[in-house]
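Which chain is which? The protein sequence lines are X and Y, in order. Take 1 as the starting number for the first sequence in my numbering and just add one per residue. Take 1001 as the starting number for the second sequence in my numbering and just add one per residue. Notes for the one structure printed next.
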Amino acid sequence: MGLKKISDNTYEIFEEGMNVPARIFASKKILESVEKDRTIEQIKNVAKLPGILKYALALPDAHQGYGFPIGGVAAFDMDKGIISPGGVGYDINCSVRLLKTNLKKEDILKKQKEVVEELYRKIPSGVGRGSRLQITRKELNNILEGGAKYIVEKMKMGKTEDYLHMEEEGCMEDADSKKVSERAMNRGIGQLGTIGAGNHFLEVQYVDEIFDEKVAKSFGIKKGQVTIMIHCGSRGLGHQVASDYIQMMEKEYGFQNLPDRELINAPIKSRLGKDYYSAMCAAANFAFANKQIITHWVREELVRIFPKVKIDVVYDVCHNIAKFEEQIIDGKKRKICIHRKGATRAFGPGRKEIPEAYRKIGQPVIIPGSMGTASYLLVGTKKSEEISFGSTVHGAGRVASRSEALREIKGEDIKKEMNEEGIEVKAGSWKSLAEEAPEAYKDIDEVARVVDELGISKKVARLKPLVVIKG
Amino acid sequence: MKFKFLEHTADVKFQAFGKNEEEVFENSADALKEAICDKKKIKAAEKKDITVEGGDYESLLYKFLEEIIYLLEAEDFLISKVKEIKIKNFRLKAVLSGDKASDYNFNNEVKAVTYNEMFVKKIKNEWVAQVVLDV
């Protein structure tokens, strides 16, 4: 394979048929695992799409997806470029929220069993555990257009500061519920306020190490403090939006010229391109709303167990999204359409998109580890705006298939190992524990180290789990 | 063999087989059912009539499997098996049997069908379909 080393942790490949090179950010160790599946083939395909700018990028957590790889970033010219549902992913705005509390690790340790049982009981996770909320179709439309803001201001679940500390302030303004199909709404209406299954989770964690005292202080984070992390997305509603528009675009444009049928797309300014974007924004708002409702229930439950608890949102980051952003490309400021599929925005200081409280420092970047391992809080950088379209990784990234994990790892053993490390875990099944075993993922510490070395986000704190709830 | 699961880093990939189009579609539905609820036995308590149309075998299979996921999430219907199936000019009519999903305990969430690496074709005398499910 013609992979060329550009500099430390940076590799590039260019072949005929590609409009721009494909660039891979990885350490030598990570590259070995990336080369084992179809990641590089997929990022090369992305580089063939019309209007793509600079390079198609695979981040250190990249692994094979469908169409685009997971951990893939691509920027497109607004006039010549495209928008692709497969470049966003089926789980639109699969995202992570970090909450901080005034509790200490010891407080949780004293009531660890109660915390795991009560949170599991209160917050539906897994398959078939539907929403505890009954909402009307009209309310759903409002949620699709109002996101977390609507949940706070109209449904009174949370406080204003919550959504002010979220990417997009918890609401993508271009959302249009009319662009979301009946089928998508039928799938989503019973799923609001549910975590779902797969790699989604709710964790109670503690701050185990601080790497940057000054930034940590600005984020309100200190050693030994208890944090809560929520990882979920737009549930069936988002999945159906993606599926609907993939089929509509295929009908309109055909797929004969595509290197992979899953890369179907539409010009950004075409009718379908615009409709997809409006529907995607609506699905993103569903995801923001979903986590806001879960946050509200976490508060209700923890206040019962710890009457003096105070819980605030640190930040909420999107992982699967397309956005229009102003960025400097080849020395010139311009508006682009950025696709982040399994990637996190990582803007440095000064950007207007960052909440005022963090604007001077850079945006918080939240990277969940695999189940039972550490997660990281990082800060966005100017460097990321220069070399990775203001983006960084979204997690550890898988290395082993689910079936491989199931063959080699038993859910019961995972639970035992986690218990021995002082982590309480509750999951829908043994199988889901085994599938998400840490061994099936890249080493999160290595991934965090590489992005820190690259400078596309800098480590602020490491968070370790005390309580894990999985679908 | 009706179907088999293959390795995929993040998602679920399967191949289904059949002596004709109908059988390969039916066996694909069986594979999807197993991806959702393993080998659990689902009662044939209810029936659903479905009709889907596609532009080719791949889009027809995509829509057929998507319909099964849709029925699960929107109508709480978990498939037991395909009772009847007829395909003509990329139009599929089928009767599915199944039961109320919320009465069962299962834990695999299939988010979507994808076109990634998908094919439906006749290889020698056998029809083969390959599908990657986003889970």
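Ideal Cβ positions, reconstructed from N, Cα and C, are used throughout, including at glycine. Since the model is a prediction, treat every value here as computed from it, not as a measurement.
Quick one: is Asp413 of chain X buried, meaning 16 or more other Cβ sit within 10 Å of its Cβ, or exposed?
Answer is exposed; the Cβ neighbour count stays below 16.
Mind pulling the chain Y residues with CB within less than 9 Å of Gln134 of chain X?
Those do not exist, as Gln134 of chain X stays about 15 Å from chain Y at its closest Cβ, beyond 9 Å.
From the DSSP secondary-structure annotation, give me the bridge partner or partners of Phe1106 of chain Y.
Answer is none; Phe1106 of chain Y lacks a bridge partner.
When you compare each of X:Gln292, X:Leu263, X:Gly2 and X:Thr194 to Gly158 of chain X by their alpha carbons, which one comes out closest?
Checking every option, the nearest Cα to that of Gly158 of chain X belongs to X:Gln292.
Please report whether the beta-carbon of Val127 of chain X lies at a distance below 8 Å from any beta-carbon of chain Y.
Output row for Val127 of chain X: interface = yes.
So for Arg129 of chain X, helix, strand or coil by DSSP?
Correct three-state label for Arg129 of chain X: coil.
List the residues of chain C whose Cβ lies closer than 9 Å to the Cβ of Val1132 of chain Y, in chain order.
Looking at the structure shown, chain C is missing, and the protein chains on hand are X and Y.
When you measure from the CB of Asp1038 of chain Y to every non-hydrogen atom of the ligand SAH, does any distance come out below 7 Å?
Absent from the structure shown: the ligand SAH. Ligands present: none.
Taking 8 Å as the CB-CB limit, is Ser1097 of chain Y close to chain X?
So no, Ser1097 of chain Y is outside the interface.
Among residues of its own chain, excluding the 5 on either side of Ser472 of chain X, which ones have a beta-carbon nearer than 7 Å to its beta-carbon?
Missing from the structure shown is residue 472 of chain X; chain X here goes from 1 to 471 and no further.
Drop a sphere of 10 angstroms on the beta-carbon of Gln134 of chain X, count the other beta-carbons inside from all chains shown, and report buried for 16 or more, exposed for fewer.
Exposed.
Would you tell me roughly how many angstroms separate the C-alpha atoms of Glu12 of chain X and Lys28 of chain X, rounded to the nearest one?
Glu12 of chain X and Lys28 of chain X: Cα-Cα distance of roughly 13 Å.
If the criterion is Cβ atoms closer than 8 Å, does the pair Ser131 of chain X and Thr194 of chain X meet it?
Yes, they are a contact pair.
Asp1030 of chain Y to Lys332 of chain X, Cα distance in whole Å?
Cα to Cα, the separation comes out at about 54 Å.
Just the chain Y side, please: which residues come within less than 7 Å of Glu404 of chain X by C-beta, in chain order?
Per Cβ cutoff of 7 Å: Glu1007.
Mind checking the stretch 1018 to 1047 of chain Y against chain X and listing, in chain order, the residues whose C-beta falls within less than 9 Å of any C-beta there?
Answer set for the stretch 1018 to 1047 of chain Y: Ile1036, Cys1037 and Asp1038.
Can you list the residues of chain X that Ser1080 of chain Y reaches, using a CB-CB cut of under 7 Å?
Residues of chain X passing the Cβ test: none, with the nearest at roughly 16 Å.
Would you call the stretch 110 to 120 of chain X and the stretch 404 to 421 of chain X in contact, with 3 or more CB pairs under 8 Å?
No, they do not touch.
Would you be able to state if there are at least three C-beta pairs under 8 Å between the stretch 368 to 383 of chain X and the stretch 456 to 468 of chain X?
Output reads yes: the stretch 368 to 383 of chain X touches the stretch 456 to 468 of chain X.
Return the bridge partner residues of Glu12 of chain X from the DSSP annotation.
Beta-bridge pairing links Glu12 of chain X to X:Lys4 and X:Arg23.
If we count Cβ pairs, one from each stretch, closer than 8 Å, do we get three or more for the stretch 432 to 440 of chain X versus the stretch 345 to 360 of chain X?
No: the two stretches stay apart, fewer than three of their Cβ pairs being nearer than 8 Å.
Please determine, among X:Gly380, X:Val399, X:Gln191 and X:Ile328, the residue with the shortest C-alpha to C-alpha distance to Val34 of chain X.
Cα-wise, what sits closest to Val34 of chain X is X:Val399.
In this structure, does DSSP put Tyr90 of chain X in helix, strand or coil?
Tyr90 of chain X falls in the coil class under three-state DSSP.
Quick one: list the residues of chain X neighbouring Glu1053 of chain Y, beta-carbon separation under 9 Å, in chain order.
Going along chain X, no residue has its Cβ under 9 Å from Glu1053 of chain Y, so there is no contact; the nearest lies around 11 Å.
Would a check of beta-carbon distances place Met1118 of chain Y closer than 8 Å to chain X?
Judged by the 8 Å Cβ criterion, Met1118 of chain Y is in contact with chain X.
Rounded to a whole number of angstroms, what is the C-alpha to C-alpha distance between Asn1116 of chain Y and Leu263 of chain X?
Whole-angstrom Cα-Cα distance: 9 Å.
Nearest-angstrom Cα distance between Leu258 of chain X and Lys154 of chain X?
The straight-line gap from Cα to Cα measures roughly 45 Å.
Work out the CA separation of Pro364 of chain X and Phe324 of chain X for me, nearest whole Å.
C-alpha separation (whole angstroms): 20 Å.
For Ile43 of chain X, which of X:Met172, X:Leu98 and X:Ala22 has the nearest alpha-carbon?
Cα-wise, what sits closest to Ile43 of chain X is X:Ala22.
With respect to the alpha helix (DSSP H) encompassing Ser33 of chain X, which residues constitute its N-terminal and C-terminal limits?
Residues Lys28 to Val34.
Answer with yes or no whether the minimum CB distance from Lys159 of chain X to chain Y is below 8 Å.
No, Lys159 of chain X lies away from the interface with chain Y (no Cβ there is under 8 Å from its Cβ).
Does Asp330 of chain X pass the burial test, meaning 16 or more other C-beta atoms within 10 Å, or should it be called exposed?
Asp330 of chain X comes out exposed.
Can you tell me whether Gln205 of chain X is helix, strand or coil according to DSSP?
Correct three-state label for Gln205 of chain X: strand.
Could you pull out every residue in the same chain whose Cβ sits closer than 7 Å to the Cβ of Ser278 of chain X, ignoring the five residues on either side in sequence?
Same-chain partners within the cutoff: Asp174, Ala175, Asp176 and Lys179.
Listing by chain order, which chain Y residues have their CB less than 9 Å from the CB of Gly196 of chain X?
Here the neighbours are Glu1109 and Lys1111.
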